[in-house]
Each structure stands twice: as structure tokens, then as C-alpha cells.
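Novice: Next up is a structure, given as C-alpha cells.
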Amino acid sequence: MDMYKYKKVSDDLTLQIQNGRQPVGSRLPSIRDCAQHYQVSINTVKEAYRKLEDQGLISVRPQSGYYVCHAPSNLPDLEERYISEEKVPLSGISCFLAQIVKKQMDPDYVNLALACPSGENFYPIERLKRLTAQVLRTQPDIFKSYTLPPGSIRLRTQIARRSLQLGMFLSADNIVLTHGTMEALNLAIMATTQAGDSIALEIPTFHNLYPLLQNLGRKIVEVPTS
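Residue 5 in the UniProt record's numbering sits at position 5 of the sequence shown, and the numbers go up by one each step.
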């Protein structure tokens, strides 16, 4: 697929939406008609429409087509804001964390503390993008409400099923879904320890464990490792 062709189509349609030629609520040409109009392939139009969906400009209605749902506003660029060079005195863990964050802002810095491998073999980004787009198209109401703890029963059931492949036998009723590892650690620490308890940490370790344990009133015992 020629990336410039799909971008040209999406840019032209964006301009039509912006200047009112395609008003909010209007139906866009079918994928086939749009392909004939721009003399491009059907896949090129699909990619262009997908880009407009990602930008929130159009939405798809099952068995009906694509409709304009939002007109982009011509907002002026914000003036550059200058950050004060005034330094706030830090000490202890706060100073330690500030040094880590400063290092992470260096583009030449390689952060080996994050489990963020690159490459399709490690993290199937393209497949996840397709699956996410598919779910949003077929189940548009999925994000309209909150899921109460311990989380979606459908997802917990799938996790329990997949655990069998790893030799584990988990019940969906014993699985709790969290918003990331930090919330999971927070719940685990509160469930297994009390304020004032000592917790051993391998050093070096994940730096965010320090403020987490301090805020929960736990004592940190550092255990150097190599």
C-alpha cells in the first residue's frame, strides 16, 4: 500500500469535514465509491478511513457506512511556556528518584529497568492494533461503563483458561484485575503485610517500589545482589 496515497485521501477528507463540505452527521462515500473517485485501491481507502476514525472525525455504523461525527477545530498554537530554573531542595528517596527521572530524559539513556522489548516477536503491536480496532467497531459500547472489582468476568475466565498452558490451575473467582503492576503490588503488600513490617528488596530494584513502600508505612531492608 502506498502510504502517501492513503494520507492524501485522509487529508482531503479531513479538509472537507473542516470546511463544512462534509457536515457532521453526513455519510461518507462507500469504500468502493471513494476508491473509484480517488483512483486508489480499496485497501488504501480502508486505511484512510481508519485514520479518520483514529482521529475521531468519523465513525462506522454497522450495515450503514461511515459518518462524520466531529469537525476539527482550528485552535491556535499555544505559546511556548518557560519552565523556571528554580530548584526545589530534595533529600533521601525523593533525591534518588529525581536523579533517575533526569537520566531517563536523556535520549541516549537506555533504561534496562523497563520491560518494554521492541520487535513484533516480543510485543505484537500490529496485531493488538487490529484486534483493538475490531473490538471498537463491533462492540462500540464496551467502554461506556465501568467494570466493578474484581474486573471483567470474561477477561478473568480467559486468563484462567490460558493459565492451563503454563501448568497453572487458576479459578476466575480468584483473579483480580488491576490497572497496572503498581496497583497489583499495592494490593498484594496491603493484603500480606501491615504498617511497620519490614520488606526485603533486592538491590538494584524497580525504583518506584521505594515511594510505594514508604507511603504504606513499610520498612525497607535492602539486600544487595549481583
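The beta carbon of each residue, even a glycine, is placed where N, CA and C say it ideally should be. What you are looking at is a predicted structure, and each value in this text was computed from that prediction instead of being measured.
Would you check if the distance between the CB atom of ILE58 and the CB atom of ILE42 is smaller than 9 angstroms?
Specialist: Taking 9 angstroms as the cut-off, the Cβ atoms of ILE58 and ILE42 do not count as close.
Novice: Quick one: is ILE17 buried, meaning 16 or more other Cβ sit within 10 Å of its Cβ, or exposed?
Specialist: buried
Novice: Enumerate in chain order the residues of its own chain whose CB-to-CB distance from LYS51 is below 6 angstroms, with the five nearest sequence positions on each side excluded.
Specialist: SER10
Novice: With distance defined between alpha-carbon atoms, name the residue in ILE220, LEU28, ILE189, TYR66 nearest to ALA200.
Specialist: ILE220
Novice: Below 9 angstroms between beta carbons: does that hold for residue 227 and ALA184?
Specialist: An answer regarding residue 227 cannot be provided, because it is not within the stretch 1 to 226 covered by the chain.
Novice: Less than 7 angstroms between C-beta atoms, sequence neighbours within five positions excluded: which residues of the same chain meet that for ARG162?
Specialist: none
Novice: Leaving out the 5 sequence neighbours to the left and right, which residues in its chain are closer than 8 angstroms to LEU218 when beta-carbon positions are compared?
Specialist: Sequence inspection shows Arg at residue 218; the Leu mentioned does not correspond to that position. Within the same chain, ILE189, THR193, ALA195, GLY196, ASP197, SER198, ILE199 come within 8 angstroms of ARG218 by CB-CB distance, once the 5 residues on both sides are set aside.
Novice: Assign CYS34 to buried or exposed, taking buried as 16 or more other Cβ atoms, counted over all protein chains shown, within 10 Å of its Cβ.
Specialist: Flag for CYS34 reads buried.
Novice: Going by beta-carbon coordinates alone, are GLY56 and HIS70 separated by less than 9 angstroms?
Specialist: yes
Novice: Using the C-alpha atoms, what's the distance from TYR66 back to PRO29?
Specialist: 8 angstroms
Novice: Helix, strand or coil for TYR146? Go by DSSP, reduced to three states.
Specialist: Note: TYR146 maps to coil in three-state DSSP.
Novice: Whole angstroms are fine: how far does the CA of ASN19 sit from the CA of THR205?
Specialist: 54 angstroms
Novice: Would you identify the three-state DSSP class for ILE42, choosing helix, strand or coil?
Specialist: helix
Novice: Where does ILE175 sit, in a helix, a strand or coil, going by DSSP?
Specialist: DSSP places ILE175 in coil when its eight states are reduced to three.
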